[in-house]
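Worksheet: one structure, shown below.
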Amino acid sequence: DVFEVSERVSADGSVEKALDEDGVRAAATLFRERGMEAVAICFLHSFANGENERRAREIVLEEHPDAMVSISSEVLPVFREFERSMATILNVYVMPLVATYVAKLDAELKKAGIRAPLLLMKSSGGVTGASTIKREPIQTALSGPAAGIVGAIYEAGRAGHSNVITVDIGGTSADICLIRDGRPELTTKSQIGEWPIQLPMVDIHTIGAGGGSIARVNDSGALTVGPESAGALPGPVSYGRGGTEPTVTDAHLVLGHLPERLLAGEMEIDLPAAKTAIEDKVARPLGLSVHEAARGILQVVNNNMLGAIRIVSVERGLDPREFALLPFGGAGPIHGSDLARLLGIRSVVIPPSPGVLSAIGLTVSSLRNEFSRTSLQSAEAFDAEQVSRDFSQLESEAIAWLDEEEVPHDGRTVEWEAAMRYKHQGFELNVPWTERSATEDGLKRAIENFHRLHAQLYSFSQEDTPVEIVTLRVTAKGDLPAPKSVPLIGGRPASECVIATQQMFVDGAMKDCPVYDRAALAAGATVEGPAILQQLDTTIVLESGDTATVHQYGSLIVSIGISGN
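Each residue of the sequence shown is one higher than the one before, starting from 220 at the first, in the working numbering.
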């Protein structure tokens, strides 16, 4: 339900019309009588002055003390009313559930004698305290994939790579992210379902391509894979849980990439059923053998992922061949070699525990929070005093948050940035304000950064066109104790880690290939493809010409050969 009240704040923050407090009180009484537990408050131009929203919240809580209230001037204090309203509505929509859950979790941890503070991952790739998340649960919207990116940066760095393209493949989707100089790109142009979210988030491109993606021959006689998925239930045909449509996992099984028992032998899978499904639904309609059809399924899904990887690289002026590939998730490493070949990438980094990399990311993340404010002005009429006030206010909020999180002064980092655009453009680019001073020199450097980024992304810049500052942002970071990196100890040479021989589709035919126990490999051990490496949380396929070497910290560094499927 939507209720209107009379008030007006102008775009410059001045109050033109006082808040109708009686109207707010009447609405709050109605909320209480109807049993409404969540209230979102969003007034025009409140990003410039949130006084009326704060007062409205006070009144609502006076009349309805049990309500959870979210105001737009705190959730997303930037212009564009629709996006600000949606962020506030979504925030308060999940607030009762998330706040209750977090409070209960925190209490149970304390009851169990755990003294460490409860920290939760944010969509921007850092963790924050429980109190922040209870106020702004929308900050966790895409936090799971973001944690995976943090873990990927950590493992890539330990393996000596700062520029990587990550591919997180699970059962239903593939999440793709590009990391440069050890940092992911952030975006404020994300969506949750149909709704835009302008909050800072790790820039992850997601497509419907995973182990459960369904393969079909459409009415035009073309093979398609995804975005529909069999999910976990019924799942792939080979799981024996009632699935009837062939999936990517079934194709891997038919090609010999997977053992007939998964999860260290605890889960038996049905190879004949997978073959029958691919034969009936794909091979026969296309006039192919069952192995050719299975290989075709993988080629289609890999090319779908290739297109998504090009969006985060080639379409942004970046050559994927200058990056390493880091596949993770339960289904990531099994696609690593094929994807690298399609991209022309010669090095693949497979972390020690790809299936739980998001959990690892949580343990190595730093504290992080962002504070933003719209400060719309032309660089030609740069108001240094106003920008200085805005940045100072944001930095004060950032420092207050660092104080709340009890971050030591020597473990704090504060960064400035600005969202800028050319005059008459309808979108902005986020650029660092490296000088951290609202001076002409600081502005000049920010504009130079903007022109450079625009040229990289769109192949041109317009240095004779006026530049506008739209939003200022301050990011606060706090160091946390990091797990100690311990080199691999023990293990055996590759020749002593072969646990089986398995038929695998290689260079157009089924051939015997060795199967290795990855966990038993010593640092420095080398495995030549074609081969399969098994571990509890994933399976790795090496094609002909591939060479995998175990890094001292456990990652598998795969050198991609020219030959292969």
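Ideal Cβ positions, reconstructed from N, Cα and C, are used throughout, including at glycine.
- Per the DSSP secondary-structure output, Asn588 pairs in a beta bridge with Ala695.
- Between Tyr772 and the set Asp765, Ala744 and Asn271, the nearest pair of CA atoms involves Ala744.
- Residue environment for Glu355: buried (at least 16 other C-beta atoms within 10 angstroms of its C-beta).
- Closest in C-alpha terms to Pro706, from the list Ser678, Asp698 and Leu740, comes Leu740.
- The continuous beta strand (DSSP E) containing Leu545 extends over residues Ala543 to Phe547.
- For Trp620, the enclosing alpha helix (DSSP H) stretches over residues Ala603 to Glu623.
- Ranked by Cα distance from Cys261, the options Arg251, Glu272, Glu604 and Asp499 are led by Glu272.
- One Cα belongs to Gly390, the other to Val769, and the distance between them is close to 27 Å.
- In this model, Ser233 and Tyr312 are separated by some 30 Å (Cα to Cα).
- Its chain contains Leu338, Leu339, Met340, Leu581, Ser584, Ser585, Leu586, Arg587 and Leu699 as the residues whose beta carbon lies nearer than 8 Å to that of Val346, once the 5 sequence neighbours on both sides are disregarded; these appear in chain order.
- When secondary structure is reduced to three states using DSSP, Thr653 falls in the coil class, being assigned neither helix nor strand.
- Contact check for Thr385 against Ala550 fails: the beta carbons are separated by 9 Å or more.
- Each of Ala513, Ile488, Pro702 and Met486 was checked against the Cα of Ile497, and the nearest Cα belongs to Ala513.
- Per DSSP, the beta-bridge partners of Gln753 are Asp736 and Thr758.
- Of Leu648, Val533, Lys696 and Ala318, the smallest CA-CA separation from Thr406 is found for Leu648.
- In its chain, beyond the 5 residues on either side, Gly536 have a beta carbon closer than 8 Å to the beta carbon of Ser678.
- Note on Phe547: 16 or more other CB atoms within 10 angstroms of its CB, so buried under the neighbour-count rule.
- Within the same chain, Leu752 and Gln754 come within 6 Å of Arg737 by CB-CB distance, once the 5 residues on both sides are set aside.
- For Arg274 and Glu226, the gap between their C-alpha atoms comes out near 11 Å.
- Scanning the stretch 250-292 from its first residue to its last, the whole alpha helix (DSSP H) runs of 4-plus residues come out as 270-282.
- Residue environment: Arg592 is assigned as buried (16 or more neighbouring CB atoms within 10 Å of its CB, all protein chains considered).
- Secondary structure at His770: coil, using DSSP grouped into helix, strand and coil.
- Taking the Cβ atoms as the reference, Ile528 lies roughly 6 Å from Ile395, within the contact range of under 8 Å.
- Between the beta-carbon of Arg640 and that of Val689 there is about 6 Å, and that keeps the pair under the 8 Å contact cut.
- In this structure, Leu561 lies near Leu525, with their beta-carbon atoms less than 9 Å apart.
- Under the DSSP assignment, Arg435 falls in the beta strand (DSSP E) whose first and last residues are Ser432 to Val436.
- Annotation for Pro356: no beta strand (DSSP E) segment contains it, and DSSP assigns it neither H nor E.
- Bounds of the beta strand (DSSP E) holding Phe724 are Val717 to Val725.
- Counting along the chain, no alpha helix (DSSP H) covers Ile776; the unbroken beta strand (DSSP E) around it starts and ends at Leu775 to Ser778.
- For Arg399, the enclosing beta strand (DSSP E) stretches over residues Ala393 to Arg399.
- A direct Cα-to-Cα measurement between His673 and Val686 gives close to 12 Å.
- A straight-line Cα-Cα distance of about 7 Å links Glu541 and Ile564.
- Close CB contacts of Cys716 within its chain, under the 6 Å cut and outside five residues either way in sequence, are with Tyr735, Asp736, Ala739 and Leu740 (chain order).
- A distance below 9 Å separates the beta carbons of Asn668 and Val650.
- Comparing C-alpha distances from Ala701 to each of Ser343, Val297 and Arg377 shows the shortest one belongs to Arg377.
- In the DSSP assignment, Asp387 falls within the unbroken beta strand (DSSP E) covering Val383 to Ile388.
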